[in-house]
Amino acid sequence: MSKLLSKYHAPDAQKRTQHITPKSANWGYVHFDVYELQQGESISLPATDNEMCLVLVAGKATIKTPAQTFENIGDRMDPFERKKPYAVYVTAQEFAEVTAETALELAVCRAKGKGTYPTRLIGPDDIGAEQRGHGFNKRYVHNILPDDKAADSLLVVEVFTDEGCTSSYPSHKHDTDNEPTETYLEETYYHRLNPSRGFCMQRVYTDDRKLDECMAVYNKDVVMVPKGYHPMATVAGYDNYYLNVMAGPTRKWLFTWEKDHNWVNSEVYAAKHREK
């Protein structure tokens with residue numbers, strides 16, 4: 001099995017189903033955890049040097065921090081409802097206590113913080129939505145914490161891709177610190193499939209092919225992208241959702257397209273599929 005694939009497991013003693021750290025991923029910036037709680041259960045997330053973005057993938061919760069309490073937030077029981085999520089940004093050096101008001105699937109995204117920005121609720125009205133691509137490369141995006149919103153390091157987005165379509169495509173990379181062309185950003189993909197017994201395919205590869213991994217990804221698995229291109233493809237019968245977390249030395253999303261496939265961005269391709 002690829003070292004870039006973290007398989008889902010039943011909740012452990014801490015209620016975690018995924019636990020990605022810089023040490024386990026062999027990189028420097030992104031931490032990513034998923035918790036599954038039953039109604040009434042709670043977890044405590046200690047204060048550290050990292051800022052956090054707590055994303056309610058499914059369910060409702062009350063989240064307490066030293067200065068604020070966000071009561072009974074959440075508006076979807078399943079990400080495939082395609083409603084915008086609720087999230088909470090927690091500044092560095094603040095703890096958070098999370099209590100599940102319903103069954104709860106919670107993603108905890110972390111990266112180095114400076115305490116620059118205060119803790120805040122990120123509600124559906126704060127989240128931009130957009131369609132990207134055309135034809136068989138069409139997907140729908142919720143920008144939870146993009147680079148034009150306040151944070152020290154984290155970038156967080158969720159993406160819906162219908163059956164038979166590609167996403168994170170044409171292939172692109174952000175593994176070189178070379179502004180204004182490209183920034184170095186590590187990335188995790190937390191995948192959900194609908195129906196849940198399905199799978200999708202994701203490839204991670206570099207120009208020289210020294211890294212070239214193709215993975216069958218199942219419901220609630222995580223793919224880690226330390227470098228290289230990282231397209232994803234769905235298969236017939238199964239829609240895909242993924243939650244992306246990115247972080248690096250510079251909080252800008254600047255990337256480079258793979259030249260061979262960049263023509264899929266062209267007006268020629270778009271016009272072809274608008275005619276259908």
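Using UniProt numbering, the first residue of the sequence shown is number 1, and each one after it goes up by one. Quick reminder that beta carbons are idealized off the backbone N, C-alpha and C, glycines included.
Item	Value
Simplified DSSP state of E267, which is helix, strand or coil	helix
Contacting residues, own chain, Cβ-Cβ under 6 Å from T116 (five flanking each side not counted)	D152
Rounded C-alpha distance that separates V156 from S171	19 Å
Run of the alpha helix (DSSP H) containing A87, from where it starts to where it stops	It is not in any alpha helix (DSSP H) - A87 instead sits in the beta strand (DSSP E) that spans A87 to V90.
Residue burial classification, L154 (beta-carbon count within 10 angstroms, cutoff 16)	buried
Cβ-based burial, E267 [other Cβ within 10 Å; buried from 16]	exposed
Three-way DSSP call (helix, strand, coil) for R132 in this model	strand
For A25, three-class secondary structure by DSSP	helix
Beta-ladder partner(s) of M215, from DSSP	Q202
First through last residue of the beta strand (DSSP E) which encompasses V156	L155 to T161
Coarse secondary structure for F255, derived from DSSP in three states	coil
Rounded straight-line distance, which links the Cα of Y8 to that of V222	8 Å
Closest Cα partner of A247 within the set T176, K272 and K220	T176
H273 - DSSP class collapsed to helix/strand/coil	helix
Status (buried if at least 16 other CB within 10 Å, exposed otherwise) for E81	exposed
C-alpha distance - H191 paired with A271, whole-angstrom precision	30 Å
Alpha-carbon spacing of V159 relative to S42, whole angstroms	28 Å
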